[in-house]
Structure formats: C-alpha cells, structure tokens
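A quick write-up on the structure given underneath.
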Amino acid sequence: EADAGLLLELAKLQGVEDSRIDLDDTALTPYVKARINVLRCSRSCPYLVLCRFMNFQKRCMTEKFDFQITNHNYVLADLIGRKQGKRPLFPAYGAIVLDEAHKLLDAARQMYSTAWDEQEAERIVRLGAVNVRMTGMDELAVLQGRITECNRQIFDRLAGELSGSHIREENRTEIMIGPVERRYMKHMAEALEKLPFVYQKNGGQEMRAQGLKRRCHDLTDKLAVFLDSGKFICWMEKGENGRLALCAVPMELEQILYRDLWSRPIPAIITSGTMSVRGDFTHFKKMTGLASAAAARIQETSKPSPFDFQNNGLIYIPERMPFPNIRDERYIRAVMEEILRIVSAAHGHTLILFTSYWLMERVYYGLKDRLTAYPLFLMGRGRLDVIRSFRRSGNGVLFASDSAGEGIDLAGDILSCLIIVKLPFPVPDPVMEYQRTLYEDFDLYRRDIIIPEMLIKLRQWVGRGIRREEDTAVFSILDNRASLRGRYRAEILNTLPSMPVTDRLGDVADFIMRKKADSYFMDKEQEQK
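Going by the numbering used here, the sequence shown opens with residue 9, and the numbers climb by one from there.
Written as structure tokens, this is what we have:
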C-alpha cells in the first residue's frame with residue numbers, strides 16, 4: 009500500500025511553483041532518495057519541460073546575470089566538460105571568486121576521481137535483459153555472463169588483498185592492479201562495447217538501447233583509467249552499505265588543476281579564513297597547482313581575525329593526559345573524565361570534536377549516564393538534524409566527528425565550549441601514502457604536508473567557537489602533544505588566534521562565570537519561565 013505522506017513529499021518535489029527546495033528538509037529516507045536520484049539528465053526525458061533543474065540550467069546560460077553563485081564542484085565540472093568538448097555549464101565569464109578555498113583540493117579530488125561501484129555491471133546487465141526477442145537471448149546471455157564473471161573476478165581478487173585489520177575507519181586501502189586483473193578488465197571492456205548493439209539488434213527498445221549504450225560507455229571509460237593505473241593513485245573503498253568500489257585519482261592532480269583552472273587568462277580571487285599557515289600560503293599553492301603560476305600573477309595578503317579572541321577566548325590544555333591511543337583503556341578513561349570536568353565547568357553549551365567515530369561512540373555511551381544535567385547529542389555521519397536539535401537545546405552537549413568542525417554556524421551561547429579530543433592530523437590514506445613517496449626524508453614530509461594540514465584543520469575547528477563579536481568561548485585541547493612539553497605546542501599556539509592559555513580547570517569555570525549572563529546558566533525550561 010502506498011505511503012500517503014511519501015506521495016505528498018514527492019508531489020511537492022515535482023511541482024513547478026516552488027523555485028527553491030532543500031532536500032535536507034524533506035522527509036525522504038536515503039532509500040527513497042537513492043531511487044529518485046537521476047545520475048544523468050537526458051534531453052529525451054519525459055519530464056524535460058517540467059524539470060526544475062533543466063529550467064534552472066537554461067536560465068543560468070543567459071547573459072542577464074552579473075553574478076552566479078555555485079559550489080567548487082560545479083565550477084570544476086564546467087572546466088572538465090569544456091575540456092571534453094561538452095556544453096558549458098556557465099556563460100562566458102570574466103572573473104571568478106573562490107570562497108572557502110581551503111575546500112578546493114577536496115572538491116578537485118572528488119571531481120577528477122573515478123569510482124567504479126561493484127554493482128555497476130549488474131545494473132547494466134539487468135538493463136540489457138528487458139524486452140528482448142527469445143531468439144536473441146543466447147547471444148545476450150553470453151555477453152552478460154562474461155561481464156558479470158569479469159566483474160566478480162576483478163572485485164574478488166582485489167578485495168582478497170584486504171583483511172578486516174587493514175580496512176581503516178575511513179575504509180580506503182591502496183590496491184595494485186596486476187596483469188590478471190588487467191586481462192579481466194580488457195575482456196569486460198570488449199563485452200561492454202558489444203552489448204548495446206546486440207541488445208538493439210534483438211528487439212531492444214531504442215530509447216533503452218541509448219541508455220544502455222551510455223552506461224556501457226561510462227563503465228568502459230572507467231576501465232580505461234584502471235588499465236592505465238600507472239598514472240593514478242588507486243584504492244578500494246568500502247561504503248557504509250558494505251559495497252565495494254574501485255577508486256582512482258590522478259597522481260599529478262595539482263598540474264591538472266594548474267592547466268584547467270589557473271593557466272587561463274581569467275583573474276581569480278581566492279579567499280578563506282584558514283588557507284594559510286601563519287600567513288604563509290606555500291602549502292595551499294603547492295597542493296592546488298597554484299605554485300606553477302608565474303609569481304608576478306599572484307598577490308597575497310593575510311589578515312588577522314576580526315574577533316577579539318584575546319578578551320573573549322581562553323585555551324585550556326590539561327597537563328596530565330596520556331598519549332592519544334584509542335587502544336589504550338587508560339587513555340579512553342582519561343578522555344571521559346576530562347570531558348566530564350570541562351562540561352561541568354562550562355555548564356554544558358559544548359561541542360566535542362573527535363577524529364574517530366569509534367572513540368566518539370565509546371565516549372558518548374560511557375558518559376551518557378553520568379552527564380545527566382544537560383541534553384546529549386550524538387552526530388553520526390551526515391546527521392545535520394542533530395545539529396539543529398543541539399542548537400534548540402540551549403545548553404546541550406554535542407558529540408561530533410570532524411565534519412562538524414567546519415561549515416556549521418553555531419553563533420551565540422549554545423557553543424561556548426569547544427573540546428578537541430585529538431589534534432586533527434590527516435588520516436593515512438592512499439593519497440597521503442603516495443605523497444609520502446615523493447619525499448626521501450620523512451621529517452620533510454611531516455613538515456611540508458602533515459603539520460600544515462593539521463594546523464589548517466585545527467584553525468577551522470577553533471573557528472567554530474567565536475562567530476560574532478560578542479561571542480565568548482573556551483577551547484580545550486586534550487592531546488598531550490599540545491601540552492607544555494608537547495612536540496607541537498609552539499606551532500599550535502603560533503597558528504591559533506592569540507588568547508590566554510591555561511592548564512587550570514578553575515580558570516575555565518572562572519572565565520564562564522565572568523563572561524556569561526545569568527540566562528546562560530538556566531536550562532531551556534527555566535529560561536522560558
């Protein structure tokens with residue numbers, strides 16, 4: 009039986025009277041979203057005239073707009089498409105402003121990467137089995153069987169290199185594509201090339217045949233990338249649904265970015281609050297290809313924060329924390345006890361940032377029955393609704409991953425205490441492992457790559473605490489590498505905005521008492537009375 013509420017939500021999406029719809033605000037499950045998602049728009053689509061997206065694209069290509077606002081991914085998609093001879097996504101433009109430019113590299117890795125889902129071949133096989141004459145079934149079955157078997161062999165062989173202990177929390181593990189896998193890929197590409205013609209020859213619908221041809225062509229292009237894997241960093245990725253995907257990104261991505269983005273005679277303004285390390289843009293320029301541009305073309309400036317961190321902020325770094333090791337029960341207990349003390353001193357109003365989902369959940373459930381004075385929230389992957397609930401709570405405590413460390417705005421007293429459990433060093437992954445091979449000396453690699461990326465992310469996290477001139481906040485770092493004798497203390501304090509530093513928990517309580525109004529110490533019900 010049809011769900012009336014779901015049908016109503018879908019009807020709203022189909023309506024043409026609303027010019028703006030935010031899918032995050034719709035009551036659609038991930039299951040439903042996956043089934044209404046269109047991977048590629050087609051001019052033969054029966055909804056073309058009503059399609060909000062296609063109509064929006066058409067308006068964007070007119071000359072009547074002086075400014076167009078989009079995200080990094082769409083800008084890069086336009087550049088990639090133009091290079092491939094496709095229709096532009098924007099009309100001709102004379103300048104570009106890239107805000108939040110510290111996210112540009114991640115966007116580039118997404119847009120220039122290749123991802124091959126293990127079920128992609130299965131979907132193609134199913135599509136090519138509809139409305140076919142009985143006389144053509146045998147010929148099709150041979151091709152479909154070859155595609156299915158090659159796909160299975162490739163994923164089974166490469167997944168066989170992995171073990172549970174090797175799949176890290178981010179579920180990415182580098183792979184080597186050998187001669188056997190290449191042979192299966194070539195056989196698969198040959199079968200994919202033949203499949204649409206055999207399908208149409210044996211009575212397949214023309215429109216479906218065109219769709220099948222596009223999908224086969226897309227997968228063949230992906231196979232070509234993995235067959236040329238010497239120019240790519242390749243890895244296997246395991247999604248939350250347990251499905252595997254083969255992924256690749258060009259080794260010389262920064263040079264591709266230079267050619268596609270920076271070498272054009274179009275001026276660019278590149279801005280971000282966390283793009284430099286102590287005013288030095290060397291790391292950003294190196295990673296994004298901007299270092300290849302002529303020095304005369306680049307003008308740099310770095311400005312201090314407009315907020316008064318000296319009077320409105322306090323850094324608390326305890327001195328007796330064990331070395332951060334999630335396999336050490338003593339460390340986990342120390343983290344729990346320190347969080348308990350800090351939250352009590354700050355009277356809630358706390359965001360706790362973790363670099364490990366496992367540790368986040370362990371600490372949350374370990375403190376759930378002890379931190380009963382304040383509403384507690386656990387933010388899973390992509391759970392933006394939890395942030396809204398935290399904001400409404402008034403004095404809650406939010407346990408979150410690093411995704412909450414940037415791009416969210418929690419202005420006011422709701423976030424008056426930020427706890428950073430562990431310094432946000434980049435997690436080793438195949439891209440990082442490749443970068444490591446470019447350095448003969450690990451200390452140089454740490455200096456040029458690891459430390460700058462950690463410091464940039466740390467500044468992003470600290471930036472969550474003070475969002476307006478009148479905001480006040482305590483910033484706690486529970487990593488002993490930031491303590492008085494810690495290896496990275498000087499670099500951390502030189503990178504963060506200048507503000508008082510203490511190792512005394514009493515100073516945290518005093519700061520909160522001095523800076524906050526009486527209403528801060530009331531829960532939501534008391535405040536409403």
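Yeah, the Cβ is synthetic: ideal placement off N, Cα and C, and Gly gets one too.
Check: Report buried or exposed for His357, applying the criterion of at least 16 other Cβ atoms within 10 angstroms of its Cβ.; Outcome: buried
Check: With DSSP collapsed to three states, give me the class of Lys523.; Outcome: helix
Check: Sort Pro434, Tyr324 and Ala342 by Cα distance to Phe331 and report the nearest one.; Outcome: Ala342
Check: Report yes or no: do three or more beta-carbon pairs, one from the stretch 286-301 and one from the stretch 266-274, lie closer than 8 Å?; Outcome: yes
Check: With DSSP run on the structure shown, which of helix, strand or coil describes Cys224?; Outcome: helix
Check: Pull up the CB-CB distance for Tyr192 and Ile162, whole angstroms please, since I reckon it's below 8 Å.; Outcome: 5 Å
Check: If I'm right that Leu200 touches Leu227 with Cβ under 8 Å, what's the distance once you round it to whole angstroms?; Outcome: 6 Å
Check: Counting only the same chain and skipping the five closest in sequence on each side, list residues whose C-beta sits under 8 Å from that of Gly172.; Outcome: Caution applies to Gly172, whose pLDDT of 48 falls short of 50 and renders its modelled position unreliable; the value that the coordinates give is listed next. Hits under 8 Å: none found.
Check: Once you ignore the five residues that flank Leu14 on each side, which residues in its own chain have a CB closer than 7 Å to its CB?; Outcome: Val40
Check: Would you mind listing the beta strand (DSSP E) stretches within the stretch 357-412 that are 3+ residues and don't spill past its ends, in chain order?; Outcome: 358-362, 384-386 and 405-409
Check: Residue ranges of each beta strand (DSSP E) run of no fewer than 3 residues wholly in the stretch 415-440, ordered along the chain?; Outcome: 425-428
Check: State whether the stretch 275-283 contacts the stretch 101-112, with contact taken as three or more CB pairs (one from each stretch) at a distance under 8 Å.; Outcome: yes
Check: Using 10 angstroms around the beta-carbon of Leu56, count the other beta-carbons present and answer buried if the total reaches 16, otherwise exposed.; Outcome: exposed
Check: By the three-class DSSP mapping on this structure, what secondary structure does Leu7 have?; Outcome: The structure shown does not extend to residue 7, since the chain is modelled only from 9 through 537, so no value can be given for it.
Check: Which same chain residues, not among the five before or five after Ile175, have their C-beta less than 8 Å away from its C-beta?; Outcome: Because Ile175 sits at a pLDDT of 38, beneath the cut-off of 50, its placement in the model cannot be relied upon, and the following sentence gives the value as read from the coordinates. Closer than 8 Å at the Cβ level, and outside the excluded window around Ile175, lie Thr181 and Lys246.
Check: Relative to the C-alpha of Ile347, which residue among Glu337, Leu361 and Asp336 is closest?; Outcome: Leu361
Check: To the nearest whole angstrom, what separates the beta carbons of Leu541 and Ala498, a pair I think is in contact under 8 Å?; Outcome: Limits of the chain in this structure are 9 at one end and 537 at the other, which puts residue 541 out of reach.
Check: In the DSSP assignment, the beta strand (DSSP E) including Ile485 goes from what residue to what residue?; Outcome: Ala481 to Ile485
Check: What distance in whole Å lies between the Cβ atoms of Ile350 and Ile427, which are believed to be in contact at a cut-off of 8 Å?; Outcome: 6 Å
Check: Would you kindly report the start and end of the unbroken beta strand (DSSP E) that includes Asp125?; Outcome: Thr122 to Asp125
Check: Touching or not, the stretch 504-518 and the stretch 311-331, by the rule of three or more beta carbon pairs under 8 Å?; Outcome: yes
Check: Would Asp417 be called buried (16 or more neighbouring beta carbons within 10 Å of its own) or exposed?; Outcome: exposed
Check: Let me confirm a value: Phe407 is counted as buried when at least 16 other C-beta atoms fall within 10 Å, else exposed. Which label applies?; Outcome: buried
Check: From Leu97 to Trp124, what does the alpha carbon distance come to, in whole angstroms?; Outcome: 25 Å
Check: Within this structure, are the beta carbons of Gly281 and Ser310 separated by less than 8 Å?; Outcome: no
Check: Where does Tyr539 fall in DSSP's three states?; Outcome: No information on residue 539 is available, as it lies outside the stretch 9 to 537 that the chain covers here.
Check: Cβ atoms of Lys230 and Thr122: under 8 Å apart, would you say?; Outcome: yes
Check: Taking all protein chains shown into account, do 16 or more other C-beta atoms lie within 10 angstroms of the C-beta of Gln552, making it buried, or fewer, making it exposed?; Outcome: Shown here, the chain extends from 9 to 537; a query on residue 552 therefore has no answer.
Check: Based on the DSSP secondary-structure assignment, which residues constitute the bridge partners of Pro258?; Outcome: Phe240
Check: Which same chain residues end up closer than 7 Å to Pro460 when comparing Cβ atoms and leaving out the 5 residues on each side of it in sequence?; Outcome: Val285 and His291
Check: Suppose you measure from the CA of Tyr528 to the CA of Met344; what does that come to, to the nearest Å?; Outcome: 24 Å
Check: Taking buried to mean at least 16 other C-beta atoms within 10 Å of its own C-beta, is His110 buried or exposed?; Outcome: buried
Check: According to DSSP, which residues form a beta bridge with Asp288?; Outcome: Val285
Check: Pick out whichever of Arg495, Gly413 and Lys465 has its Cα sitting closest to the Cα of Arg472.; Outcome: Gly413
Check: Assign Ala12 to one of two classes, buried (16 or more other C-beta atoms within 10 Å of its C-beta) or exposed (fewer than that).; Outcome: exposed
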